[in-house]
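S.K.: Dumping the structure here so I can ask a few things about it.
Number of protein chains: 2
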Amino acid sequence: MQAVKPSIHKITGINIATPKGYYASGLHCGIKHKKLDLGLLYSLVPADAAGVYTTNRVQAAPLKVTQENIKQEGKLQAIIVNSGNANACTGKKGLQDAKQMQLETAQKLGIPSHFVGVASTGVIGEHLPIEKISAGIKDLVLDDEIKGSIDFSQSILTTDTVSKNTAYTLKIKDKDITIAGTAKGSGMIHPNMATMLGFITSDANINQSDLHSALSYAVDRTFNCITVDGDTSTNDMVLMLANGMAENEELNKNHPEWELFLDALVMVCEDLGKLIAKDGEGASKLIEVNVEGALTDKDARVIAKTVVGSPLVKTAVFGCDANWGRILCAAGYSGVSFDPDQMRILIGDSEVVVDGEPVPFSEEEVRNYLKGQEIHITVLLSEGIGSGRAWGCDLTYDYVQINASYRT
Amino acid sequence: MQAVKPSIHKITGINIATPKGYYASGLHCGIKHKKLDLGLLYSLVPADAAGVYTTNRVQAAPLKVTQENIKQEGKLQAIIVNSGNANACTGKKGLQDAKQMQLETAQKLGIPSHFVGVASTGVIGEHLPIEKISAGIKDLVLDDEIKGSIDFSQSILTTDTVSKNTAYTLKIKDKDITIAGTAKGSGMIHPNMATMLGFITSDANINQSDLHSALSYAVDRTFNCITVDGDTSTNDMVLMLANGMAENEELNKNHPEWELFLDALVMVCEDLGKLIAKDGEGASKLIEVNVEGALTDKDARVIAKTVVGSPLVKTAVFGCDANWGRILCAAGYSGVSFDPDQMRILIGDSEVVVDGEPVPFSEEEVRNYLKGQEIHITVLLSEGIGSGRAWGCDLTYDYVQINASYRT
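Chains as they are written, first to last, in the numbering used here: chain R, 1 to 408; chain V, 409 to 816.
The following block contains the structure:
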């Protein structure tokens, strides 16, 4: 677990609308059977915006529209999201539909349409039921902080079993700043963003181009370090808004408290990433792999991601089997160069491999440890001081069941 | 299916010892409970040898020993293989054990020890029961062609449910040449060789350095295009022997019938690769993905491998779900650049995506097709004339079951 720095405080609850000037809402417009499927996030004033998008060659229509919007002034004031239908592989009509969602939201709120971001998640290849969405947009009411936050965080879910929320506050000089986040994602989760949506709000006043750097930095170390099944989707996106309403002295890369802000943002993204990994389709456990002693931090992250993504490691954890060989083997095929004869591996606190060879350990103790809900695997190398972590989940019968019949 | 050229003929049966001058044998020496676990392949005369090895940073002791051997004169005359224990992550004692296997086999056969290749497969991190193996080596008897071939092909198996064999003959000028192969592999199968052993024998007379090129060419297009679960092991190896006893005019890259020889070798490797994919742990179906119209053959193979390796595609095929979106999505994250708006996808003969968008198709027809045992998926691009194929299997409950409890 990452220790919370004394100057950064965690806020409990569901709080995407907690930072100053934010409102949220969610309702059922009829794309799904019963659950909420349309959400709106709104800032009283235009907010500096940054986005990180799927690297998939196939990008869904709403991603194209949102990227274009942010390019114009680097600002967003609202985000409209639907779940149940991804508006991906839907051609020209798909683009029109995304633009219509954007336009109608802008009209309702009385703001320029390029201040509205659009996101969709769900089944791909089917056209949006745009009339239902239009009617839904009309019905959306910006609720109070708690109800709005709850409804919005629910409205973006698909196969998720829980909504995913976190928030932290910190002081920049004498001003309190809040960063809050909500995310969805369960299957198709992999490095480089996969059927994952993340929304982060902050009332920080922050230099616009540095906001983008900060988000990229945080996403690389968190969302891009989670994997459920190695599949990367067409619709992934993390959007961050910072509306400046905390009235702090402008944050930028040279500000003495920039690192503190970055730490808080990483904490928000890490919490959401771990919540997604833990809620992986069919998952029964969260797995965290920590790699130290690599040549670089990036090398360490690559090894960590490879180990946590190995189906054989995942099934071994599911079966509570202390199969250190699979951990060692996955590290070996990560593509990163290291000396296997100096490798150490721990499962929980139990050392299982030293200098590349197994050492005696209590099978029973490790088996009991593996029955827990959060499994830590540590890989220690002797190449340098690079470190990195990655998160995933076990591979279970339920994963197969969920995905053998998703569409039908 | 690759059409067999009129000048190349398939030989049925189990025939690793069929090419002129080869003998094989297998027995139970006690590493496993009951099944055969020690095999020997022998050529009457030293054979030109080529090997392709795992790319995993962690290489098992027998691979190190075998590579060293082949480096000396480029020749092998015998291969000793055990299953049930991989002799991987076993440190200095592991290397000693591999060398002892080699030496005792050489002494038994009266040949130089660097003419003996060594291979092991099975559990990793445990020392070989070397006394059992030593006793087994003494007991090995080079049997007649059929019994020897059957026993050897059985002795190399681990979680495989069937032994995997193929052979082809072709004429080079007026001489008949035979190429035969046997392989093992079921779990941990992925591009770049994964707990897979392949042994290919031929009586061809072939230029030694061109033999290596030929094997690499064939392996790249076959063994390296199969995936079961994305895990790459410490012990993979394909070894080929060519002893020249067919007395053909020496084959080399400039020989007019070089291509024919290459075709036959690819057929041997492709047959074995497909047999491995079909026997993937828990698999109920073989999946073949064929990509055409990519910029290069390599691009096409990368896309094909990514699609056939996607857990979501694999579970959809298991569930007989015509989920074209997952195919399109996997192609999109393959890392290969292409225009998704010109992409076509077929499941069997049914066109499901044209110009990047779904088209109406009979769900019932495709569902019935997906109930078959061999599933063909075709991805057509408009980037060039590159084509490539890859093979894999569906992801089933049985995969999870097998791997949640392998070690225990």
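Each residue gets a CB set at the ideal place from its N, CA and C atoms; glycine is no exception.
What residues in the region 449 to 467 of chain V have a beta carbon less than 9 Å from any beta carbon of chain R?
M.R.: The residues in question are Thr-462, Thr-463, Asn-464, Arg-465, Val-466 and Gln-467.
S.K.: Nearest chain R C-beta to V/Tyr-805 closer than 8 Å, yes or no?
M.R.: It does; some Cβ of chain R falls within 8 Å.
S.K.: Report the three-state DSSP secondary structure of V/Asn-490 (helix, strand or coil).
M.R.: Correct three-state label for V/Asn-490: strand.
S.K.: Does V/Cys-497 come out as helix, strand or coil in the three-state DSSP assignment?
M.R.: Coil at V/Cys-497, not helix or strand.
S.K.: Who are the near neighbours of V/Gly-740 in its chain, counting only those whose CB is closer than 8 Å to its CB and skipping five residues on each side?
M.R.: Result list for V/Gly-740: Pro-748, in chain order.
S.K.: Check whether the Cβ of V/Asn-776 lies closer than 8 Å to any Cβ atom in chain R.
M.R.: Chain R, which has no Cβ nearer than 8 Å to the Cβ of V/Asn-776, makes this no.
S.K.: Under 8 Å: do the region 714 to 724 of chain V and the region 787 to 805 of chain V share three or more Cβ pairs, one atom per stretch?
M.R.: Judged by Cβ distances under 8 Å, the region 714 to 724 of chain V makes contact with the region 787 to 805 of chain V, as three or more pairs qualify.
S.K.: Is the distance from the Cβ of V/Leu-683 to the Cβ of V/Phe-746 below 8 Å?
M.R.: Not in contact: V/Leu-683 and V/Phe-746 (Cβ atoms no closer than 8 Å).
S.K.: Using a Cβ cut-off of 8 Å, pull out every chain V residue sitting near R/Ile-327, in sequence order please.
M.R.: Those do not exist, as R/Ile-327 stays about 11 Å from chain V at its closest Cβ, beyond 8 Å.
S.K.: When the Cα of R/Gly-319 is compared with those of V/Ala-812, V/Gly-459, V/Ser-561 and V/Ile-614, which residue comes out closest?
M.R.: Checked all of V/Ala-812, V/Gly-459, V/Ser-561 and V/Ile-614; the closest Cα to R/Gly-319 is V/Ala-812.
S.K.: When DSSP builds the beta bridges, which residues end up paired with R/Ala-294?
M.R.: Answer by DSSP bridge pairing, in chain order: R/Gly-386.
S.K.: Indicate whether at least one CB of chain V lies closer than 8 Å to the CB of R/Tyr-217.
M.R.: Chain V contact via Cβ: absent.
S.K.: Does the beta-carbon of R/Pro-191 have 16 or more other beta-carbons within 10 angstroms, so that it is buried, or is it exposed?
M.R.: Low confidence applies here, because R/Pro-191 scores a pLDDT of 35, under 50, leaving its location unreliable; read the following figure in that light. That one is buried.
S.K.: Taking C-beta to C-beta, are R/Glu-374 and R/Lys-314 nearer than 8 Å?
M.R.: Their beta carbons are not under 8 Å apart, which means R/Glu-374 does not touch R/Lys-314 by this criterion.
S.K.: Going straight from the alpha carbon of V/Asp-628 to that of R/Asn-243, what length do you get?
M.R.: Answer to the nearest angstrom: the Cα atoms are 53 Å apart.
S.K.: Just the C-alpha distance for R/Gly-39 and V/Glu-771, rounded to the nearest angstrom, thanks.
M.R.: One C-alpha to the other measures close to 32 Å.
S.K.: Under 8 Å between C-beta atoms, does R/Glu-383 make it to chain A?
M.R.: Although the question refers to chain A, the structure presented lacks it and instead comprises the protein chains R and V.
S.K.: Can you tell me whether DSSP reads V/Ala-425 as helix, strand or coil?
M.R.: Coil, per DSSP.
S.K.: Below 7 Å between beta carbons is the criterion; list the residues of the region 339 to 364 of chain R that meet it against any residue of chain V, in chain order.
M.R.: So the close ones are Pro-340, Gly-356, Glu-357 and Pro-358.
S.K.: Report the rounded CA-to-CA distance for V/Asp-445 versus V/Thr-567, giving the unit in angstroms.
M.R.: Using only the alpha carbons, I get a separation of about 12 Å.
S.K.: Could you run through the region 524 to 540 of chain V and flag, in chain order, every residue whose CB is less than 9 Å away from some CB of chain R?
M.R.: Under the 9 Å Cβ criterion, the region 524 to 540 of chain V contributes Val-531, Ile-532, Gly-533 and Glu-534.
S.K.: Considering only residues of the region 43 to 122 of chain R, which uninterrupted alpha helix (DSSP H) runs meet the minimum length of 4 residues and lie entirely inside it, listed in chain order?
M.R.: Within the region 43 to 122 of chain R, the complete alpha helix (DSSP H) runs of at least 4 residues are 61 to 73 and 91 to 109.
S.K.: Closer than 8 Å, Cβ to any Cβ of chain R: which residues of the region 486 to 512 of chain V, in chain order?
M.R.: Those would be Ala-496, Cys-497, Thr-498 and Gly-499, in chain order.
S.K.: Buried or exposed: R/Leu-157, going by 16 or more other Cβ atoms within 10 Å of its Cβ?
M.R.: R/Leu-157 is buried by the Cβ-count criterion.
S.K.: My output table needs one value for R/Val-289: the three-state DSSP class, helix, strand or coil.
M.R.: Note: R/Val-289 maps to strand in three-state DSSP.
S.K.: Ignore the nearest five residues each way along the sequence and tell me which others in R/Leu-262's own chain have a CB closer than 8 Å to its CB.
M.R.: These residues qualify, in order along the chain: Ala-214, Tyr-217 and Ala-218.
S.K.: Counting only the same chain and skipping the five closest in sequence on each side, list residues whose C-beta sits under 7 Å from that of V/Arg-709.
M.R.: Closer than 7 Å at the Cβ level, and outside the excluded window around V/Arg-709, lie Cys-633, Gly-796 and Ala-798.
S.K.: Mind pulling the chain R residues with CB within less than 9 Å of V/Ser-745?
M.R.: Chain R residues near V/Ser-745: Arg-57.
S.K.: Please say whether V/Ala-486 and V/Ala-468 have beta carbons closer to each other than 8 Å?
M.R.: Cβ atoms of V/Ala-468 and V/Ala-486: not closer than 8 Å.
S.K.: Three-state secondary structure (DSSP) at R/Asp-398?
M.R.: The answer is helix: DSSP assigns R/Asp-398 an H, G or I state.
S.K.: Please decide whether R/Trp-324 counts as near chain V, where near means a Cβ-Cβ distance under 8 Å.
M.R.: Yes - at least one Cβ of chain V is within 8 Å of the one on R/Trp-324.
S.K.: What's the C-alpha gap between R/Val-81 and R/Val-118?
M.R.: Answer to the nearest angstrom: the Cα atoms are 6 Å apart.
S.K.: Please report the residue range of the alpha helix (DSSP H) in which V/Met-675 lies.
M.R.: That run of the alpha helix (DSSP H) goes 666 to 686.
S.K.: In chain V, what lies closer than 9 Å to R/Val-302 by C-beta?
M.R.: Per Cβ cutoff of 9 Å: no residues; R/Val-302 is ~12 Å from chain V at best.
S.K.: Here's the rule I'm using: 16 or more other beta-carbon atoms within 10 Å means buried, otherwise exposed. How should V/Thr-586 be labelled?
M.R.: It counts as buried.
S.K.: Determine the direct distance from the alpha carbon of R/Lys-20 to that of R/Ala-194, and round the result to whole angstroms.
M.R.: Low local confidence applies: a pLDDT of 43 at R/Ala-194 is under 50, so the model's placement there is unreliable, with the coordinate-based value given in what follows. Roughly 30 Å separates the two Cα atoms.
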